[in-house]
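See structure below.
Number of protein chains: 2
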Amino acid sequence: MWKPDRQSKKTLYEQIADHLEQRISYGEFPPGSLLPSERKLAEQLDVNRSTVILAFAELRSMGIIESRTGSGTRVSKSKWGATPKHTPNWRRYAEGGSFLPNLPFMRKIREALTQQPSLIDFASGELAADLAPVDEIAKLMSEHKYTSYLGYDNPQGYIPLRQDLVSFLARYRGIRTTESSILITSGSQQSLYLITQCLLSPGDAVAIEDPSYCYSLPMFQSAGLRLFRLPVDQHGVRPDDIRALYKKHRIKMVFLNPNYQNPTGTVLGAERRKQVLDVASELALPIVEDEPFSLTAYEGNPPPPLKSMDTVGSVLYIGSFSKIAASGLRIGWMVAPRSIVERLADARQQMDFGLSVIPQQVAAQFLKSSHFEPHLDRLRIQLQYKRDLIIEALRKELPDLVTFTAPEGGLHLWCKLVPEVHDGKLLDEAIRKGVVFVPGSVYGSDSGFVRFTYARATAEEIGLGISGFAEALRELIDERSCLD
Amino acid sequence: MWKPDRQSKKTLYEQIADHLEQRISYGEFPPGSLLPSERKLAEQLDVNRSTVILAFAELRSMGIIESRTGSGTRVSKSKWGATPKHTPNWRRYAEGGSFLPNLPFMRKIREALTQQPSLIDFASGELAADLAPVDEIAKLMSEHKYTSYLGYDNPQGYIPLRQDLVSFLARYRGIRTTESSILITSGSQQSLYLITQCLLSPGDAVAIEDPSYCYSLPMFQSAGLRLFRLPVDQHGVRPDDIRALYKKHRIKMVFLNPNYQNPTGTVLGAERRKQVLDVASELALPIVEDEPFSLTAYEGNPPPPLKSMDTVGSVLYIGSFSKIAASGLRIGWMVAPRSIVERLADARQQMDFGLSVIPQQVAAQFLKSSHFEPHLDRLRIQLQYKRDLIIEALRKELPDLVTFTAPEGGLHLWCKLVPEVHDGKLLDEAIRKGVVFVPGSVYGSDSGFVRFTYARATAEEIGLGISGFAEALRELIDERSCLD
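Quick mapping for you: the protein sequence lines, in order, are chains V and X. Going by full-length UniProt numbering, the letters in the first sequence line up with residues 1 to 484, in that order. Going by full-length UniProt numbering, the letters in the second sequence line up with residues 1 to 484, in that order.
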């Protein structure tokens, strides 16, 4: 990101005016488009707002921009000579399209993280740099000669990686499968996107957990699906609820995250797993089992996946390296009947022409390397340690104001707030205190919940972050009692 | 791919029966699903068809599969105990979904290439292994320490790569832009997919070249767009046709591939470029300029892109490494107003959560390495050489039966067949002779055209392939005259 040069002989405002003029002339801001506000630019460029006001005045005097009270500053349309030339109405194009934009809360969180990278991040559902096997992967990349052909890859994904996954799934998850039943995807997100786009039609009813990270994904709405809720209690969803939804709405698919569910951390009970499979085979109903967190199980083995118990062929199984190795690899997988794998591989070719072979080779190397097992052991210990830290911090900072159940695996702590506060105000206030989290309403639940991801922040940040969050929460409560 | 062990004490058919039983029990072929035909399995496993017939008989006697005359062999539904258990109707799910499958010709070509990797490939629009900088990239990967954080990447793409692309685009394409105006995609295919999904709505009219590779992409139909044609003559599309389509159908976007157009190899004339931009600014109409081939220009510099002449902000510019370095990198880019880049980046997060940072780092390394420029020089010379080879072969083998214009850049030769032959029959016959190409009708043109990609085959294969193609064509002509 460009910043003005404080050693330069040119004044700051002149530098900023020149810089903006260049970006406008290059087309980043076409005629008629809105410039960032004075306040925002001042933040981005680390200058006083008055400096930006001077720069804008300079550009205005040159006829390059126009400001109107209340509607911000726009690039002039009239700058471009005598002939009437028209820029496409890009705003209207950006607002069009059948694919919905991200939820406002998610965009606000991302924007906050982009603009203030120093924020303590309890929002991003990923591992901290020190939990990911960065050094191991760098080592594998420099040791191994990647001389294979760099053409378009097999539409289902790199064959050696699929072969390695066959052994991996048998060994770690008790799933017996074949390489032709595996589709490599760029992660669970792409697996779900392909399923919603290619196996379901607009108007179809599907069942998802409540709360569920599925609600945070506009892809379900973009695909025109009707979403019905399966409430999650302390042992996960109730199988009878699936049957009831089928009878009432003819649901065509059920999306479940049985181990260390996102966001609640719940584990689906053993008896319920069998019943879910029974209901599925009774109704010929496909179950999408998303299992990103299982190998983080803090103590002992995680419960076996539905897929490993599925004798009828009801389950589409989704896994990924994102939460157990590195999200930056962008490698996930789906296990499905061959006809489904082929259909999805074909569609994916149309969308992005498949994945780069390079991260697939790296993932395959890592999976069969001697680094994998010790990495998992270390990851489990460190995640458990971070979970303990965040619980300790919450007990210290907010002993009477939050309730939660300690998760036995995964990355997330789901917290109920005892006082009633406004989701959006709490987020704004927390950002001001230097912390981001995800409001529970993003996951389709009532307001009054918070999802803390404790995997992303460092051990030092966890205490600081919870203390910032506690300050924000207390201020909102005080404010409310003043109004009472 | 598994093959029976000819040294084993078990007979081939028993091995095959065991192998199939395993794949069925693992869920690759769920109850009720269709198995591959005896013929296809025999081909895949390198055995006689009679061996597969024996294996099927074995499985049938065990009640695992059922054959019915005329409807193939299916996995039994009744194998699964007394309680009635139902597998989801996966076939119906695979056929559902709003996203359309690939064109039948394209699927046939891909299937042929998967099953007979020895086919001479004039169909895949990509570089041969010896044209891609495989060694250079392997070298860069082993020399450079990739120790950066492996988390989710910036939604617009890896910042250093965007910075390098700013210099690359200025130097090689005369395009002045900023890093915030660049979106890294997994290639032109993903750029187009994002545009059609996120900037256009079902029912919108758009203009595409005729013929055009856009017709080969079901994504346009999947997005519900109405396609209107801009005929391509020897100097590309006629600007007045754009105006006429706008008046008649209110087209909302124009898709152009001005340099070495796919499939025709045509270059849009200099005067027409100016007029296209004039029409665009007159009508406030966005132009999507796809420019994958420009840096392959065999002699001299390629014509400047529309984007470099666009003072109004009408052009969305798309580029990629696929045709000038390696398609397996899966790295492309789009240059667009900031509002558009942000909208598409946001949507892409929903679809696949962005690209792996690893190939982006590799691409950035390659772009600024001392290997890049010599690679381009070598690529241009070799492509020109291959173009000369295919033209020589066609003149020798089919002097009176094909006509074409020699392209000055790119990967493709567009051939008109003088005799009238059936597209599909010609492709089938050519595959039998060991050659694949893409029938012209895939690109929306009338039948009677063929696209030969000469970049993928080796120099030795080009002559052999054209001679196989010539045989196929002559046989069809003979067959037809027998029928006359």
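Cβ coordinates follow ideal geometry from the N, Cα and C atoms, glycine included.
With distance defined between alpha-carbon atoms, name the residue in the options nearest to residue i.
i	options	result
aspartate 290 (chain V)	V:Gly72, V:Ile195, V:Ala455	V:Ile195
lysine 252 (chain X)	X:Arg238, X:Gln275, X:Leu225, X:Val267	X:Leu225
glutamine 197 (chain V)	V:Ile391, V:Arg348, V:Val362	V:Arg348
arginine 92 (chain X)	V:Thr177, V:Ser201, V:Asn259, V:Asn102	V:Ser201
threonine 311 (chain V)	X:His86, X:Lys139, X:Lys433	X:His86
glutamate 460 (chain V)	V:Glu420, V:Arg273, V:Lys386, V:Val436	V:Lys386
alanine 326 (chain V)	X:Ser356, X:Ala345, X:Gly332, X:Ala326	X:Ser356
serine 467 (chain V)	V:Ser25, V:Ile120, V:Ala223	V:Ile120
glutamate 21 (chain X)	X:Met62, X:Lys248, X:Leu192	X:Met62
serine 212 (chain V)	V:Val438, V:Glu271, V:Glu475	V:Val438
serine 50 (chain X)	X:Val267, X:Tyr13, X:Ala112, X:Gly313	X:Tyr13
alanine 472 (chain X)	X:Ser445, X:Glu179, X:Pro419	X:Pro419
isoleucine 53 (chain X)	X:Ala17, X:Val75, X:Ser76, X:Asp423	X:Ala17
lysine 145 (chain V)	V:Leu367, V:Gln361, V:Ile477, V:Lys433	V:Gln361
serine 447 (chain V)	V:Val435, V:Leu427, V:Arg432	V:Leu427
leucine 230 (chain V)	V:Ser191, V:Val206, V:Leu34, V:Ser216	V:Val206
tyrosine 158 (chain X)	X:Ala363, X:Glu136, X:Tyr215, X:Pro31	X:Ala363
glutamate 179 (chain V)	V:Phe168, V:Asp346, V:Tyr172	V:Phe168
glutamate 373 (chain V)	V:Lys108, V:Thr296, V:Glu143	V:Thr296
leucine 41 (chain V)	V:Gly32, V:His19, V:Pro31	V:His19
tyrosine 149 (chain X)	V:Tyr152, V:Asn154, V:Glu126	V:Glu126
methionine 219 (chain X)	V:Ile287, V:Gln350, V:Arg173, V:Phe220	V:Gln350
isoleucine 24 (chain V)	X:Thr177, X:Gly151, X:Leu217, X:Arg173	X:Thr177
Can you check DSSP and say which residues form a bridge with residue i?
i	result
methionine 334 (chain V)	V:Leu183, V:Ile318
arginine 226 (chain X)	X:Ala205
phenylalanine 404 (chain V)	V:Cys415
glutamine 120 (chain V)	Reading off the sequence, residue 120 (chain V) comes out as isoleucine, not glutamine. Partner(s): V:Val435.
aspartate 233 (chain X)	X:Gly236
leucine 283 (chain V)	In the DSSP output, where bridge partners are listed per residue, leucine 283 (chain V) has none listed.
phenylalanine 469 (chain X)	DSSP lists no partner for phenylalanine 469 (chain X).
aspartate 210 (chain V)	V:Pro231
residue 491 (chain X)	It is not possible to answer for residue 491 (chain X), since the shown part of chain X is limited to 1 through 484.
Which of the residues in the segment 130-155 of chain V, read from start to end, lie with their CB under 9 Å from any CB of chain X?
-> Ala132, Pro133, Val134, Asp135, Ile137, Ala138, Met141, Ser142, Glu143, His144, Lys145, Tyr146, Thr147, Ser148, Tyr149, Leu150, Gly151, Tyr152, Asp153, Asn154, Pro155
Can you list, in chain order, the residues of the segment 335-348 of chain V whose Cβ is nearer than 7 Å to any Cβ on chain X?
-> Pro337, Arg338, Ser339, Ile340, Arg343, Asp346, Ala347
Residues within the segment 355-377 of chain X neighbouring chain V, beta-carbon criterion of under 8 Å = Leu355, Ser356, Val357, Ile358, Pro359, Val362
Give, in chain order, every unbroken run of the beta strand (DSSP E) that is at least 3 residues long and sits entirely within the UniProt domain "HTH gntR-type" (10-78) of chain V.
-> 65-67, 73-75
Contact residues within the segment 426-438 of chain X, judged by C-beta distance below 7 Å to chain V = none
Three or more C-beta pairs closer than 8 Å, one from the segment 386-404 of chain V and one from the segment 451-464 of chain V: is that the case here?
-> yes
Listed in chain order, which residues of the segment 20-36 of chain V have Cβ atoms closer than 7 Å to some Cβ of chain X?
-> Arg23, Tyr26, Gly27, Glu28, Phe29, Pro30, Pro31, Ser33
Does the pairing of the segment 59-78 of chain X with the segment 153-164 of chain V give three or more beta-carbon distances under 8 Å?
-> no
At a Cβ cut of 8 Å, what residues of the segment 293-304 of chain X count as close to chain V, listed as they run along the chain?
-> none
If you scan the segment 243-314 of chain X from start to end, which runs of the beta strand (DSSP E) of 3 or more residues do you find wholly inside it?
-> 254-256, 287-290
Any chance the segment 100-107 of chain V sits against the segment 201-211 of chain X, with 3 or more Cβ pairs inside 8 Å?
-> no
Decide yes or no for the touch test of the segment 255-263 of chain X against the segment 286-306 of chain X: beta carbon pairs closer than 8 Å, at least 3 of them.
-> yes
Is there contact between the segment 2-9 of chain X and the segment 413-421 of chain V, where contact requires at least three CB pairs shorter than 8 Å?
-> no
Could you say if the segment 175-189 of chain V and the segment 326-335 of chain V meet the contact criterion of at least three C-beta pairs nearer than 8 Å?
-> yes
Mind the definition here: the segment 363-383 of chain V touches the segment 121-133 of chain V only if three or more C-beta pairs lie below 8 Å; say whether that holds.
-> yes
Interface positions of the segment 188-220 of chain X facing chain V (Cβ-Cβ less than 7 Å), listed along the chain | Against chain V - using a Cβ distance shorter than 7 Å - the residues of the segment 188-220 of chain X are Gln189, Gln190, Tyr193, Gln197, Cys198, Leu199, Leu200, Ser201, Pro202, Leu217, Pro218, Met219.
contact_flag[the segment 227-244 of chain X, the segment 268-285 of chain X] where n(CB pairs < 8 Å) is 3 or more = yes
Listed in chain order, which residues of the segment 82-114 of chain X have Cβ atoms closer than 9 Å to some Cβ of chain V?
-> Correct list: Thr83, Pro84, Lys85, His86, Thr87, Pro88, Asn89, Trp90, Arg91, Tyr93, Ala94, Glu95, Gly96, Gly97, Ser98, Phe99, Leu100, Pro101, Asn102, Met106, Arg107, Arg110, Thr114.
Any residues in the segment 380-404 of chain X with a beta carbon nearer than 8 Å to a beta carbon of chain V? Which ones, in chain order?
-> none
Using Cβ-Cβ distances below 7 Å, what residues of the segment 453-478 of chain V are close to chain X?
-> none
Jot down the residue ranges of each uninterrupted beta strand (DSSP E) in the segment 341-410 of chain V, minimum 3 residues, whole runs only, in chain order.
-> The qualifying runs are 402-404.
What residues in the segment 172-184 of chain X have a beta carbon less than 9 Å from any beta carbon of chain V?
-> Ile175, Arg176, Thr177, Thr178, Glu179, Ser180, Ser181
Looking at chain V, which residues of the segment 253-267 of chain X have a Cβ within less than 9 Å of any of its Cβ atoms?
-> Met253
What residues in the segment 35-61 of chain V have a beta carbon less than 8 Å from any beta carbon of chain X?
-> none
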